[in-house]
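Beneath this line is the structure, given in structure tokens, with notes to follow.
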């Protein structure tokens, strides 16, 4: 320890490493951001704070509050629902623990804390118990989740002052049994929801409905608890919190916590084959940077995106630093799937400064206290600006300078980020969107709510017509209208069939039959099953390859066996899409765009076998699956036929331009909406489902109609009006595409610059998708075609 | 009207007519909710349409069930049986005169005259707040008779009057007797009281759940310990044309939805028999715990039940008395109790018998005995060697052998 500190100083610490990287790896750094150090803004403890709590804080070394902690206190004291936006390590738990502990001491209040994961609940309880011990507060805090033993549950329900749980448990375990929690609900004064930013998209839409149910139960017991939210930095924390609970929320977003100087590098691995545009792996680069940091005696963390990557990088680093078994281990790994005790041990060693480098998944991103680190390396873009800053926040606690390095992988998203540093560095974080009235989600929760308490004729739930929904449920035979009430009548427990993380019913399970013991190894969402679990598909879990032997569509099961293949499989799907209704549209000189409801039919027709590394096509297979139908919401763009004709030599080239533009728009839309790329679908067609285009097995854009090939490319008498669609890839839509319409200029412009800035000659997977070698030969540039289309969509600029 | 309008709009679009750009999107032309819903999630089953019920009066239902209308939607069915009435081969009042063994009644005092026998018929088995009892069966002893009172509701609205009536009867009792009621009937009823805003009368009562002593006695003998199994195998009571309990929810829903009374009598009969079985099960289980061999219960399990109920002496006495009926586990248990009482010779005899049949646990017991009590290290070594021969060189055996051999030296 002492020795390494000396090294640290002699080699110039973080500043030395920064100088070293700047001089030696200048070319790899595509972006550089310096955030100067900031002083803390402190406040005295509130005068009315219980002296026992003051004592507890002081004994833990806290003499003053940060300004935002004090602001949260005041807001909550006035019974206002409050959201606190806090960077990592700014003492957010104090924001809610102070008012809660005070109320417990003064009026025997109860509080419900909700965290998205079980691990965080454990940490939270440990923290409260420490305060409790320090101040002899006598407060009882328990976790309540799937791990809580049956005989302890009653004690939690009846004796817990603070119950720490998660949304799934609230949804399936607490609300449907609320009478057992009667004592708890009757005294419930606070609901604390941490990691607010996690509740977006499908999960967030479900969460809003779970909270509607929770408020309904609270009303039954005659209480109106105050909500306290904590969020990492996103663009719209107040709006999100407000949408989740359906009433105004006070936002506290000015942090009073200090931080040291922070520097961020965006790092693109060097090209190792300039002709093919192949780059060195991000893994090797991340390992190299970690080695430099450890060599300089800097404490560092490497975030990897998958568990397997954590293992690989850990192995590389251990080979360097932990080869001598007589010395204490300097490198550690941390991910989900390890035993809780092992994880606690690693956390302890991290806090104690006994680990020089930890390699982790996002399991370490949320809330877990691991003390002070100097360097944070992200192996791959975490998917959102908000998530990136949150992980980077791991370095630079306690006023020390810190360095973050974001190492790009070869995926389009990553390449977009590092090649457009001004986008990332200047970007305000994304907005989190939810659609609480998404019909399928809403109806599912009305079902759960009807089970919990009968609905009255004049009740409301969400913003759709509740009576119509209840009539729908009466048709299904699950409720019965009698007098002025709707009673639950089915012999079922509806919450068990509603997963908070998906929309469609009936997930597929993947069953490994390799050893004849039929083990379930994965679960796949209904909507992505046709693309990943067809017979013959190579399905990968943690880089282990399985081949699908048999797909039982009705039974929702895929039977797989372990295999060793030198190829992976890629499904070819045709998406036919018809516009049903437009909610809003806009017209420009050259183009039109709209937002509305669409009906799409997806047929998964076959698959390609693609060899690793060379990416050559080594075979095809046919797939026989039922067509997938879906109604959802979409945004779409088209170019006026005259303008299109002027801009392109022939229709085939225009089509390639549209397919490339769609690819680029899809990438930037995923970034824009904080979604996974598979949350959004894309299609090119004419909007009436008379023809649709795909990048076919040949790699060229091809056009089909319902019968097969279409003549629209040749037949001049048919109007040619290609349209590019981006749609919510969930039945009914979850509100992702509406913001695309509102910000369409930004979106198209970003897509344009993504393609423009890419320094491939004619197109590549990082901009418009893979292209054929033959394009190179015939002198056609799909990239240029895509740029022409994008340019026209934004009216030439 | 708006539904028609939107349908028209949809059709126009589907036939390829582009809506003019001037046309403003309008919220009034919203598609009906059910249509939007079923577009996203097609109907999976075809439920029969819910026709409004044929009106059937409470009075008619009461007559059908030979009961009496107590208030709107609440029907009371009363039956009285002499305490000497035989249900199967046991008298209903068999428990009035006997003291119940502790493994049945638990640590609390039990007086059959202050007991309420309880069984519910519910709209489902899933638990949680969405399930309610539409039929509450109660039984109690009064003036030398066994009184059965069943409350049936004919509407959701009548639940509150039923709960009040039930509370009134339960309030004066000391113990609830049920079969699986600790996990099902009790919590469900408490939930209903809570939802109806009525003080829960069950909170002040002890609860004797007969499923547990029945299961402890027979779980290693019978394939299952459901109520019907206990009736048939222990009480020699055979139901005729009994309605399976699982069909009860449907019967009641058909009543409230369609005014259909089919099978309603069968449900009531089923519930009434449940109450009788609860009463007669007390003497039946008392016999089981006193003379397990007479009813085919497993003696060692009964002995363990006494242990658990803090009556080691009863347990020991039972095992000694029944030694001839004991299986291997029973013998091991008996030897264990001899060892605890330091009756080494008796214990050793049992172990030696079992050891001759190559029972490893018995051999290990012998080895320990020879090492620690008898201090015959040579003999202990022999036992351990035999053990290693039978079950392989497990580390703990090898460790034991090395330790004993060191003592020999």
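Chains as they are written, first to last, in my numbering: chain H, 8 to 804; chain B, 47 to 455.
Using N, Cα and C, we set each Cβ at its ideal position, and we do this for glycine too.
On a predicted model such as this, the values are computed, not experimentally measured, just so you know.
### Query
From residue 116 of chain H to residue 197 of chain H, what distance separates their C-alpha atoms?
8 Å
### Task
Kindly list, in the order they appear in chain H, the residues whose Cβ is closer than 8 Å to that of residue 449 of chain B.
Ordered by position in chain H, no residue passes the 8 Å Cβ test against residue 449 of chain B, which lies about 32 Å from the chain.
### Query
With 7 Å set as the bound, which would you pick, yes or no: does the beta-carbon of residue 73 of chain H sit closer than that to a beta-carbon of chain B?
no
### Query
Do residue 733 of chain H and residue 764 of chain H have their C-beta atoms closer together than 7 Å?
no
### Query
Okay, do the segment 266–286 of chain B and the segment 207–227 of chain H touch, 3+ Cβ pairs below 8 Å being the bar?
no
### Query
What residue does the alpha helix (DSSP H) around residue 209 of chain B start on, and which one ends it?
205–216
### Message
For residue 79 of chain B, would you say it is in contact with chain H, using Cβ-to-Cβ distances shorter than 7 Å as the test?
### Response
yes
#### Entry: CA-to-CA distance, residue 731 of chain H to residue 599 of chain H, given in whole angstroms
11 Å
### Message
So for residue 613 of chain H, helix, strand or coil by DSSP?
### Response
strand
### Message
Which of the three DSSP states is assigned to residue 602 of chain H in this structure?
### Response
strand
### Query
Since residue 637 of chain H sits in a beta bridge, which residues does DSSP pair it with?
H/607
### Message
Which residue wins for smallest C-alpha separation from residue 226 of chain H, given the options H/245, H/519, H/193?
### Response
H/193
### Message
If the cut-off is 7 Å on Cβ atoms, which residues from the segment 236–247 of chain H count as contacting chain B, listed in chain order?
### Response
none
### Rounded straight-line distance, which links the Cα of residue 179 of chain B to that of residue 352 of chain H
50 Å
### Query
Which of helix, strand or coil does DSSP assign to residue 73 of chain B?
Confidence in residue 73 of chain B is poor, its pLDDT being 43 and thus under 50, which makes the residue's placement unreliable; the coordinate value appears in the next sentence. DSSP places residue 73 of chain B in helix when its eight states are reduced to three.
### Task
Pick out whichever of H/69, H/66, H/108 has its Cα sitting closest to the Cα of residue 83 of chain H.
H/108
### Message
Using a Cβ-Cβ distance cut-off of 7 Å, determine whether residue 737 of chain H contacts chain B.
### Response
no
### Task
Please classify residue 136 of chain B: is it buried, with 16 or more other beta-carbons within 10 angstroms of its beta-carbon, or exposed?
buried
### Task
For residue 348 of chain H, verify whether its CB is less than 6 Å away from any heavy atom of the ligand SAH.
Looking for the ligand SAH in the displayed structure turns up nothing, as the structure carries no ligands at all.
### Message
Here's a check: name, in chain order, each residue in its chain whose Cβ is nearer than 8 Å to the Cβ of residue 627 of chain H, leaving out the five neighbours to either side.
### Response
613, 614, 615, 616, 704
### Query
Given that a residue counts as buried once 16 or more other Cβ atoms are within 10 Å of its Cβ, and exposed if not, what is residue 68 of chain B?
For residue 68 of chain B, the predicted model reports a pLDDT of 32, less than 50, meaning its position is unreliable and no value from the coordinates is stated.
### Task
Buried or exposed for residue 335 of chain H, please, with buried defined as at least 16 other CB atoms from any protein chain shown within 10 angstroms of its CB.
exposed
### Query
Excluding sequence positions up to five away, which residues of its chain have a Cβ less than 7 Å from the Cβ of residue 213 of chain H?
448, 507
### Query
Using a C-beta cutoff of 7 Å, does residue 172 of chain H count as contacting chain B?
no
### Query
Three or more C-beta pairs closer than 8 Å, one from the segment 466–486 of chain H and one from the segment 147–157 of chain B: is that the case here?
no
### Cβ shell of residue 467 of chain B (< 7 Å), same chain only, five flanking positions each side left out
Nothing about residue 467 of chain B can be read from this structure; chain B reaches only from 47 to 455.
### Task
Closer than 8 Å by beta-carbon distance: list the chain B residues that pair up with residue 498 of chain H, in chain order.
169, 170, 171, 172, 177, 295
### Message
Tell me the DSSP secondary structure of residue 135 of chain H in three-state form.
### Response
helix
### Task
With a threshold of 16 other CB atoms inside 10 Å of the CB of residue 444 of chain B, please say whether the residue is buried or exposed.
exposed
### Status (buried if at least 16 other CB within 10 Å, exposed otherwise) for residue 113 of chain B
buried
### Task
Give the DSSP bridge partners of residue 594 of chain H, in chain order.
H/599
### Query
What are the boundary residues of the beta strand (DSSP E) that includes residue 169 of chain H?
169–172
### Task
Reducing DSSP to helix, strand and coil, say where residue 661 of chain H ends up.
helix
### Message
Only counting the same chain, and skipping five residues up and downstream in sequence, which positions put a Cβ closer than 7 Å to that of residue 166 of chain H?
### Response
147
### Query
Identify the residues that DSSP records as bridge partners of residue 584 of chain H: which are they?
H/607
### Query
Is there at least one Cβ from chain H nearer than 7 Å to residue 203 of chain B's Cβ?
yes
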